[in-house]
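**Q** Under mature numbering (1 follows the signal peptide of the UniProt record, and there is no 0), the residues of the sequence shown are numbered -22 to -1, 1 to 75, in order. Backbone N, C-alpha and C fix where the C-beta goes; we use that ideal spot for every residue, glycine too. Computed from a prediction, not measured in an experiment: that's the story for all the values here.
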Amino acid sequence: MNRSARWCGVALLLLSAAPAAALDRPVVWRDEETGCAYLLTPQGGIAHRHRRDGAIDCPDVAASTGVMENMAREFSRGLEALRREMERLRDRYENRL
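Printed below as a string of structure tokens:
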């Protein structure tokens, strides 16, 4: 491959990253009535701001709301359902033989 084609490829790669670099960071806005924090994007989007523990950033929400425990419980339920499905497929495969 010649040099000009390589440089065109590099330029195309760099230009494809330009839209992501043009996005502004969201602004944190706190509702005066509820005290909850939201992220506002320049494009007009709004989303709840979350704390490090995964809880919504509101004064009414306790710091340890059990978000991690709930996530672990749901994860184990999903793994259990996957295990049952794999057993069902294995039994179905063995019955075909």
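Check the C-beta distance from threonine 12 over to cysteine 36 and give it rounded, since I have them as a contact under 8 Å.
**A** So it is a contact: roughly 6 Å between Cβ atoms.
**Q** Ignore the nearest five residues each way along the sequence and tell me which others in arginine 27's own chain have a CB closer than 7 Å to its CB.
**A** Val6, Ala15, Tyr16, Leu17 and Asp35
**Q** Given this structure, state the Cα-to-Cα distance separating leucine 67 from arginine 51, to the nearest angstrom.
**A** 24 Å
**Q** Could you pull out every residue in the same chain whose Cβ sits closer than 7 Å to the Cβ of proline 4, ignoring the five residues on either side in sequence?
**A** Leu17, Leu18 and Thr19
**Q** Once DSSP output is grouped into helix, strand and coil, what is the label at leucine 75?
**A** coil
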